[in-house]
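Order-wise, the sequence lines are chains V and F.
Everything in the first sequence is counted per the numbering used here, starting at 112 for the first residue and increasing by one.
Everything in the second sequence is counted per the numbering used here, starting at 113 for the first residue and increasing by one.
Here a beta-carbon is modelled for each residue, glycine too, at the ideal position from N, C-alpha and C.
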Amino acid sequence: MSRKAFLVTGIRTPFCKAGTALAKVHAAELGRIALSEMLIRTGIPLKDWNLLIDEVIVGNTGTPADTANIARVIALRSGLDQSISAYSVHRNCASGLESIAQATLKIEAGVADIIVAGGTESMSNMPLMYNQKAQSFFENLNRSRSLGDKAKAFSQIPVQEFIKPRVALMEGLTDPFCGINMGETAEVLAKEFQISRGIQDEFALASHHKTAKAASEGFYKDEIAPVVLPHDPQTVVEADVGPRANQTMEALQKLKPFFDKKFGSITAGNSSPITDGAAMVLVCSEEGLKKLGGALKAQAQINGYAFAGCDPKRMGLGPVFATHKLFQKTGEKLADFDRFELNEAFAAQVISCMMAMDSDAFCKEHFQTAKLGHLSQELLNVNGGAIALGHPVGATGSRLVLTAMRELKQKNKKRSLISLCIGGGQGGALSISAI
Amino acid sequence: MELSQSQQFKVKDQKMSDFFNGKAFRVTLQDSLAIVDFDLQGEKINKWSESSLKELDEVLAKLEGNKGTLSAVLFRSAKVKSFIVGADIKVIQSLTTRDEAVFASEFGQKVFSRLEDFPLPTIAAIEGPCMGGGTEFILSCDYRVASDSDKTQMGLPEVKLGIFPGWGGTYRLPRIVDLPTSLDMILSGKSLNAKKAAKVGLVDQVIPEGLFALKAVEFARAQTKKRKNPEPQKSSFVNKLLSSNLVGRTVVFKKTKETVLKTTRGHYPAPLKALEVIESCWGKSRADWMKKERELFGDLAISDISKNLIRIFFMTEAVKKESGTSLSSEELLKINPVQQLAVLGAGVMGAGIAATSAARGMKAQLKDVNFQAVGKGLAHARKLFQKAVDRKKDTALQRDDKFRNLRGQTDYSGFKGLDLVIEAVVEDLKVKKSVFAELENVVSPQCILATNTSSLQLSEISSDLKNKERFLGLHFFNPVDKMPLVEVVVSEKTLPEYTAKAVAYVKSIGKTPLVTKDGPGFLVNRLLVPFMLEAGYLIEDGADLEKVDREIKKWGMPMGPYELLDEVGLDVVSKICPIFEKALGERFVAPAIINKISGDVQGAQKRYGKKSGLGFYKWENNKRVEMDRAGLEKIVGHSLNGQKVLLSGEALAQRMVFPMINEAAVVLEEKIVASAEKIDLGMIFGIGFPPFKGGLCRYADSIGLEKITRELERLAASHGPRFKPTDALKRLSANGGRFYQ
Numbered sequence: 112m113s114r115k116a117f118l119v120t121g122i123r124t125p126f127c128k129a130g131t132a133l134a135k136v137h138a139a140e141l142g143r144i145a146l147s148e149m150l151i152r153t154g155i156p157l158k159d160w161n162l163l164i165d166e167v168i169v170g171n172t173g174t175p176a177d178t179a180n181i182a183r184v185i186a187l188r189s190g191l192d193q194s195i196s197a198y199s200v201h202r203n204c205a206s207g208l209e210s211i212a213q214a215t216l217k218i219e220a221g222v223a224d225i226i227v228a229g230g231t232e233s234m235s236n237m238p239l240m241y242n243q244k245a246q247s248f249f250e251n252l253n254r255s256r257s258l259g260d261k262a263k264a265f266s267q268i269p270v271q272e273f274i275k276p277r278v279a280l281m282e283g284l285t286d287p288f289c290g291i292n293m294g295e296t297a298e299v300l301a302k303e304f305q306i307s308r309g310i311q312d313e314f315a316l317a318s319h320h321k322t323a324k325a326a327s328e329g330f331y332k333d334e335i336a337p338v339v340l341p342h343d344p345q346t347v348v349e350a351d352v353g354p355r356a357n358q359t360m361e362a363l364q365k366l367k368p369f370f371d372k373k374f375g376s377i378t379a380g381n382s383s384p385i386t387d388g389a390a391m392v393l394v395c396s397e398e399g400l401k402k403l404g405g406a407l408k409a410q411a412q413i414n415g416y417a418f419a420g421c422d423p424k425r426m427g428l429g430p431v432f433a434t435h436k437l438f439q440k441t442g443e444k445l446a447d448f449d450r451f452e453l454n455e456a457f458a459a460q461v462i463s464c465m466m467a468m469d470s471d472a473f474c475k476e477h478f479q480t481a482k483l484g485h486l487s488q489e490l491l492n493v494n495g496g497a498i499a500l501g502h503p504v505g506a507t508g509s510r511l512v513l514t515a516m517r518e519l520k521q522k523n524k525k526r527s528l529i530s531l532c533i534g535g536g537q538g539g540a541l542s543i544s545a546i
Numbered sequence: 113m114e115l116s117q118s119q120q121f122k123v124k125d126q127k128m129s130d131f132f133n134g135k136a137f138r139v140t141l142q143d144s145l146a147i148v149d150f151d152l153q154g155e156k157i158n159k160w161s162e163s164s165l166k167e168l169d170e171v172l173a174k175l176e177g178n179k180g181t182l183s184a185v186l187f188r189s190a191k192v193k194s195f196i197v198g199a200d201i202k203v204i205q206s207l208t209t210r211d212e213a214v215f216a217s218e219f220g221q222k223v224f225s226r227l228e229d230f231p232l233p234t235i236a237a238i239e240g241p242c243m244g245g246g247t248e249f250i251l252s253c254d255y256r257v258a259s260d261s262d263k264t265q266m267g268l269p270e271v272k273l274g275i276f277p278g279w280g281g282t283y284r285l286p287r288i289v290d291l292p293t294s295l296d297m298i299l300s301g302k303s304l305n306a307k308k309a310a311k312v313g314l315v316d317q318v319i320p321e322g323l324f325a326l327k328a329v330e331f332a333r334a335q336t337k338k339r340k341n342p343e344p345q346k347s348s349f350v351n352k353l354l355s356s357n358l359v360g361r362t363v364v365f366k367k368t369k370e371t372v373l374k375t376t377r378g379h380y381p382a383p384l385k386a387l388e389v390i391e392s393c394w395g396k397s398r399a400d401w402m403k404k405e406r407e408l409f410g411d412l413a414i415s416d417i418s419k420n421l422i423r424i425f426f427m428t429e430a431v432k433k434e435s436g437t438s439l440s441s442e443e444l445l446k447i448n449p450v451q452q453l454a455v456l457g458a459g460v461m462g463a464g465i466a467a468t469s470a471a472r473g474m475k476a477q478l479k480d481v482n483f484q485a486v487g488k489g490l491a492h493a494r495k496l497f498q499k500a501v502d503r504k505k506d507t508a509l510q511r512d513d514k515f516r517n518l519r520g521q522t523d524y525s526g527f528k529g530l531d532l533v534i535e536a537v538v539e540d541l542k543v544k545k546s547v548f549a550e551l552e553n554v555v556s557p558q559c560i561l562a563t564n565t566s567s568l569q570l571s572e573i574s575s576d577l578k579n580k581e582r583f584l585g586l587h588f589f590n591p592v593d594k595m596p597l598v599e600v601v602v603s604e605k606t607l608p609e610y611t612a613k614a615v616a617y618v619k620s621i622g623k624t625p626l627v628t629k630d631g632p633g634f635l636v637n638r639l640l641v642p643f644m645l646e647a648g649y650l651i652e653d654g655a656d657l658e659k660v661d662r663e664i665k666k667w668g669m670p671m672g673p674y675e676l677l678d679e680v681g682l683d684v685v686s687k688i689c690p691i692f693e694k695a696l697g698e699r700f701v702a703p704a705i706i707n708k709i710s711g712d713v714q715g716a717q718k719r720y721g722k723k724s725g726l727g728f729y730k731w732e733n734n735k736r737v738e739m740d741r742a743g744l745e746k747i748v749g750h751s752l753n754g755q756k757v758l759l760s761g762e763a764l765a766q767r768m769v770f771p772m773i774n775e776a777a778v779v780l781e782e783k784i785v786a787s788a789e790k791i792d793l794g795m796i797f798g799i800g801f802p803p804f805k806g807g808l809c810r811y812a813d814s815i816g817l818e819k820i821t822r823e824l825e826r827l828a829a830s831h832g833p834r835f836k837p838t839d840a841l842k843r844l845s846a847n848g849g850r851f852y853q
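Put into structure tokens, the structure is as follows:
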């Protein structure tokens with residue numbers, strides 16, 4: 112009998128627009144809070160978890176310099192035992208999905224039974240870096256031994272270079288192959304698929320309204336763990352900062368295209384904002400569930416996952432490629448799903464994906480198959496998406512799986528397809544079904 | 113290839129031979145190096161007693177006889193990471209006459225002087241604790257090397273036992289480290305780790321733990337000369353300036369004396385006597401110095417203060433070993449330690465308990481009704497952790513790790529996984545009962561449920577509980593981070609497993625547990641309340657309150673009664689008074705004046721004490737400013753000039769402390785705690801009853817219960833029936849007249 116992986120529980124921190132409520136919280140601390148909260152809420156003592164957990168896998172893209180293997184830092188600071196191994200994964204925008212895929216892989220392969228998988232990102236804390244000239248100055252200064260040499264090195268201080276730092280966040284969001292920004296890749300799609308500004312803005316508006324509605328109906332109540340700010344414990348962040356219940360078309364229409372002032376349609380309003388947050392899920396085998404002794408039940412089964420490459424310049428179409436690859440592996444088809452979580456990096460990018468999936472021409476050209484089919488907007492991101500919630504790059508994949516798992520359970524749905532586009536020209540997809 | 117230690121660090125094969133094999137010492141010769149291993153038989157640690165000192169003397173004599181074939185002598189400990197913990201304290205305790213004490217000092221002085229005069233270089237290799245007589249021993253060697261193990265500590269803690277180093281320590285330490293550092297070490301009793309010891313010049317070299325055995329021998333082999341007339345090697349410029357001339361030294365001695373008097377309030381003579389030895393002997397010969405040292409040592413060693421402090425030392429050592437139950441060691445082994453707990457109520461007490469637990473590595477959840485309250489509690493905890501950083505005790509990383517052990521919450525999530533829940537909500541029976549009713553349904557069956565109540569009884573709070581077996585009291589004192597005592601209150605229903613687990617928890621957060629039975633005020637508050645009530649009666653008598661506070665502090669209490677009332681809160685006191693009166697009757701009838709004062713309002717300001725900014729004293733920013741005598745006189749309606757009441761320290765003590773003794777007799781008879789010793793422990797660590805007096809019962813014994821009974825009868829006649837000697841006291845008085853039989 113082949114081994115299956117199950118999603119058991121999960122939690123996330125609030126997702127807060129960069130520079131707001133969680134701006135001063137380190138990515139490791141966000142992850143630590145999500146992980147401790149997930150474990151504590153199970154009611155299983157930590158000392159028991161120490162005997163149960165085989166691995167902690169955490170996705171993260173920023174890799175803060177002081178936490179090179181951030182998963183290990185998160186695991187130990189959560190109070191887990193030193194003996195539990197932990198590693199970090201980086202698949203850019205799908206790092207938080209990659210961690211769950213890794214967990215699935217290990218469980219299916221029979222090398223683990225209980226794995227914590229998740230993702231974390233603090234985009235507020237992406238560093239500014241010295242440029243090469245400024246770095247050379249410090250190297251020279253370091254190398255000079257005598258006082259005279261030091262003085263000489265110091266006299267060559269390139270003052271103007273210090274106010275021209277390299278911005279890690281901008282560089283990270285720039286494609287290293289075609290040299291354009293992620294937003295510009297969305298512009299490429301908007302133009303090729305001729306997606307109007309109006310359609311994009313409507314999509315964005317719906318995202319805010321769906322998110323706000325879900326929040327007001329209490330959908331997120333058990334999904335979000337409050338964060339007590341470590342540096343200021345009197346402040347407790349309990350809700351997402353980003354979704355706007357009162358977002359309007361007028362407000363969205365007022366915004367200027369950010370990347371192409373003349374012909375462009377991508378604005379800050381119809382793109383996902385840079386954001387801070389973390390999410391964790393627990394992935395178990397059937398054996399693992401037995402080890403938990405009935406204390407926790409499986410919420411969903413992982414049917415399969417796939418990652419596929421595509422044109423970096425059109426990275427937004429990644430979900431189409433990944434979905435095709437996944438279906439080839441699992442034999443599933445679009446019509447099997449009654450829920451979809453397709454990450455809203457950009458409204459234009461999501462719409463392009465839906466158009467490409469429903470296009471015979473596109474699918475024939477790329478897959479030599481008939482079209483994948485129609486993805487109904489009714490079934491897509493029903494609790495809102497990243498345009499409202501934000502996209503803390505390393506965490507989003509885990510957030511999508513967590514939300515999908517909870518949505519299936521709460522609304523009594525059968526199957527959900529989670530997919531993301533990945534900077535650098537990739538897509539990731541993962542299929543889950545209700546138990 | 114197989115690596116073994118001898119291959120990695122090839123030790124030249126030395127000719128080894130046994131030289132001496134005694135009950136405390138083993139001497140082997142490695143070529144010309146004599147290695148003396150201290151390995152006291154039948155003990156886990158090395159300590160000095162008459163016999164081990166004698167044997168050292170023997171070893172030295174035998175080595176002297178062979179000096180021609182030897183190059184140096186290395187002293188080590190054969191115990192694992194423990195050097196010499198000091199002199200056998202039991203021996204010090206048993207000294208009764210001055211001659212005996214002086215002789216004990218002289219004997220050690222002689223042996224250590226022989227070591228100092230030994231014709232060859234002597235080296236001490238220190239790993240693990242090296243305390244008191246251990247440190248005096250290494251000071252008598254020419255050279256000292258220490259392992260950087262966390263366990264390595266060097267110090268002279270004698271003052272904590274009411275004595276000072278009496279084996280040449282006062283003479284030798286100032287010759288090796290500078291004067292201000294020596295005084296600091298001898299007078300405060302604090303110890304140094306290897307790194308700090310090297311910094312002040314107490315050790316010559318710090319060796320990494322892993323290489324210690326090897327490098328210590330190498331160091332010893334390299335020593336060919338004795339150290340002539342040692343003088344402080346590592347002294348700061350200022351310290352050198354101060355120590356090198358008469359004026360500087362005079363300043364140092366004067367300043368030090370002032371500091372000592374301030375911290376001891378003149379109640380502890382040992383640091384002053386040590387100072388006297390060093391100051392008066394400065395520049396004198398070793399013989400003169402030693403003579404003075406042993407004479408003053410003799411005075412101290414037989415003093416009541418020293419005996420009391422030693423007794424308290426043994427008392428606390430004993431508590432460390434007790435489980436608080438009669439469970440066997442096998443049964444105790446089966447009890448899992450508390451690792452995760454929750455505290456309900458994020459006020460100062462609740463937050464303090466959570467913080468103290470988190471600081472010791474436990475996962476502590478802090479719950480209150482809303483995040484505003486929880487956040488305030490967590491902020492309080494964070495402040496406590498930050499203090500340790502400010503004092504350079506912790507790093508920022510350690511502070512953050514402690515904080516990460518805390519979790520704030522407003523629901524009962526995660527309670528299933530807890531080992532212990534401590535309730536610290538408002539002191540209201542109804543609220544507490546409803547909290548426990550909820551708790552019963554959200555925790556696992558093995559989770560201990562504890563209340564931090566100070567005035568309610570367990571039997572009342574637990575009356576509706578389904579399971580009373582895991583219910584007990586954990587009574588912390590305010591401020592939690594500083595107060596060393598926790599009363600572990602057990603009911604008749606509490607199972608010993610849970611008591612033992614709670615006791616172990618209290619120890620693991622660095623506090624002293626005191627198991628008490630359920631009853632009004634348990635032990636500490638029950639004995640403290642009469643003291644506070646009497647303060648109220650003194651107001652009615654028109655006493656000069658400031659003077660009362662002053663006199664009581666002079667007598668030895670850490671705080672005067674009115675300072676204490678302000679700290680506790682007058683609202684709290686007036687709330688608990690009727691509870692005690694109801695439960696314990698006549699002896700606890702509260703003076704009406706307390707309610708009158710606590711009910712006073714000045715504008716918008718309530719007279720609750722420290723927390724409202726006004727009580728007996730005026731307070732600003734939590735600091736006492738001055739007694740509000742005018743305000744108080746207005747309330748009480750008569751002058752508070754003290755003309756009508758006797759106010760000498762002893763007379764005051766009779767009025768305020770004798771009622772405590774009266775109650776202690778009842779408490780002992782009711783077996784609230786197991787022994788008079790436990791009452792003393794509770795009073796010393798719970799309210800700071802003067803340790804030099806040995807505790808409440810010890811103090812009572814020193815006066816004699818018969819005399820106390822008579823005094824109480826006299827006071828009852830003149831001041832009211834609250835003073836009437838209890839039957840319990842009368843029985844004790846008739847039955848030997850002492851608490852300690």
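Local conformation of residue i per DSSP, three classes
i, result
"F:I621", "coil"
"F:M772", "helix"
"V:N251", "helix"
Residue i at chain V interface by Cβ criterion, 8 Å
i, result
"F:L490", "yes"
"F:K308", "no"
Beta carbon proximity, residue i to chain F, threshold 8 Å
i, result
"V:S147", "yes"
"V:G346", "At residue 346 of chain V the sequence reads Thr, which differs from the Gly that was named. It does; some Cβ of chain F falls within 8 Å."
"V:M112", "Low confidence applies to V:M112: its pLDDT is 49, below 50, so where it sits in the model is not reliable, and the reading given next is rough at best. For V:M112, the answer is no, since every Cβ of chain F falls outside 8 Å of its Cβ."
"V:L191", "no"
Unbroken alpha helix (DSSP H) run spanning residue i, endpoints
i, result
"F:R519", "Taken as a continuous stretch (DSSP letters only), F:R519 belongs to no alpha helix (DSSP H), being part of the beta strand (DSSP E) at 518-521."
Contact set between residue i and chain F, taken where Cβ atoms lie within less than 7 Å
i, result
"V:L162", "Ordered by position in chain F, no residue passes the 7 Å Cβ test against V:L162, which lies about 13 Å from the chain."
Whether residue i touches residue j by CB criterion (8 Å)
i, j, result
"F:G743", "F:L635", "no"
"F:I691", "F:G648", "no"
Boundaries (first-last residue) of the beta strand (DSSP E) holding residue i
i, result
"F:C242", "241-243"
"V:S544", "537-545"
Under 7 Å by beta carbon: chain V residues contacting residue i
i, result
"F:K687", "Correct list: empty, because the minimum Cβ distance to chain V is about 29 Å."
"F:D512", "P341"
Amino acids of chain F, ordered along the chain, whose beta-carbon sits closer than 8 Å to that of residue i
i, result
"V:Q412", "Within 8 Å Cβ-Cβ: nothing; V:Q412 doesn't reach chain F, min ~26 Å."
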